Amino acid sequence: MTGETGKRSYVVGQTEIAARPLEPALYLVATPIGNLADITLRALETLAAADIVACEDTRVSRVLLDRYGIRRRTTAYHEHNAGEAGPKLIAALQAGQSIALISDAGTPLVSDPGYRLVGEALDHGIRVVPIPGPSAPLAALTASGLPSDAFMFAGFLPVKTGQRLTRLEALKAVPATLIFFESPRRLADSLAAMVEALGGERKAAIGRELTKTFEEMRTGTLQVLADHYAAADTPKGEIVVCVGPAEAKADEPADIDRLLLSLAAEMPASKAAAEAAKMTGGQKQALYRRLLELKDASGEDGG
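Below is the structure:
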């Protein structure tokens, strides 16, 4: 497997820019999720300089490459040919060539088979270089209004109803915003399953056609969104679903009492109350008074 020789450059506006040589490595290049203007200059230079551009779909990637005047030979690397194409790409890397790996849209390895190639490259001592850029899950998360201090990308849900519910039940207790990819034709069914498994009161957001002309962010509870898409026509375009974490439930008084007594067995009462306050969000003074009451009731001395 060899790359195309000759001029290595890219075009921005009316300006043709020569690409600097790349060191031999596997470069993971993030590409636009819709708006071709979202490509980074570093990504353009990497694609123009690479010996080989490995694409999920060469026809999709050619649109981007042509837009920026990049004349590099492309080769397909996707789920159905990874077993055959992967070893050839590794051989090219071992021979000292540079490879830029791109997906149809967004950051490689996010819900695509690129992780296999990266794993093989690392196993062979080959350098792997991330070229960051657009990412549909992060774009949807930041526009959703949902908590972003902790989040989990869960990919596509299973197609079969039972498996879908089982997967959602496993995710129910995750204390983070959940992010899913979904196809337009399955969106209504998946939202209905989320209501059943996660609860209809959870806040959620649907990102559709992000960065494109008809971009849409629709927010509400899971129940509201499920009702909307159950009645609406099948939506068009790429879809990201964000579901906020379950609301924290107040600890039961009996649970707090057990926590206080457990902490008090290892530290002074004042410190135990302070630790309990951090863990429960309660007020330190109120917890301290409650601990003293518990100690009095059991005949222990406070501390």
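Using the working numbering, the first residue of the sequence shown is number 23, and each one after it goes up by one.
Even glycine gets a Cβ: it sits at the ideal position worked out from N, Cα and C.
Since we're looking at a predicted model, the values are computed, not measured.
Per DSSP, reduced to three states, the secondary structure at M174 is strand.
Excluding sequence positions up to five before and after G155, its CB lies within less than 6 Å of the CB of A52, T62 and A65, all in the same chain and listed in chain order. Counting only the Cα atoms, A98 lies some 16 Å from S120. By the Cβ neighbour-count rule, M216 is buried, with 16 or more other Cβ atoms within 10 Å of its own. Counting along the chain, the unbroken beta strand (DSSP E) around M239 starts and ends at E238 to T243. For V196, there is no enclosing alpha helix (DSSP H), as DSSP marks it with neither H nor E. The segment 84-149 contains, as complete beta strand (DSSP E) runs of 3+ residues, the segments 96-98 and 121-124 (chain order).
The segment 257-320 is shown to contain whole alpha helix (DSSP H) runs of 4 or more residues at 275-286, 291-302 and 306-320, in chain order. Here R149 is exposed: its Cβ has fewer than 16 other Cβ atoms, across all protein chains shown, within 10 Å. When secondary structure is reduced to three states using DSSP, E204 falls in the strand class. Linking P152 to A291 through their CA atoms gives a straight-line distance of about 51 Å. The C-alpha of A308 lies about 44 Å from the C-alpha of V262. A Cβ-Cβ distance of about 5 Å is found for the pair A227 and T241, placing them in contact under the 8 Å criterion. Distance from I55 to A158 at the Cβ level is roughly 5 Å; contact confirmed, criterion being Cβ atoms closer than 8 Å.
The alpha-carbon of E204 is positioned some 17 Å away from that of E218.
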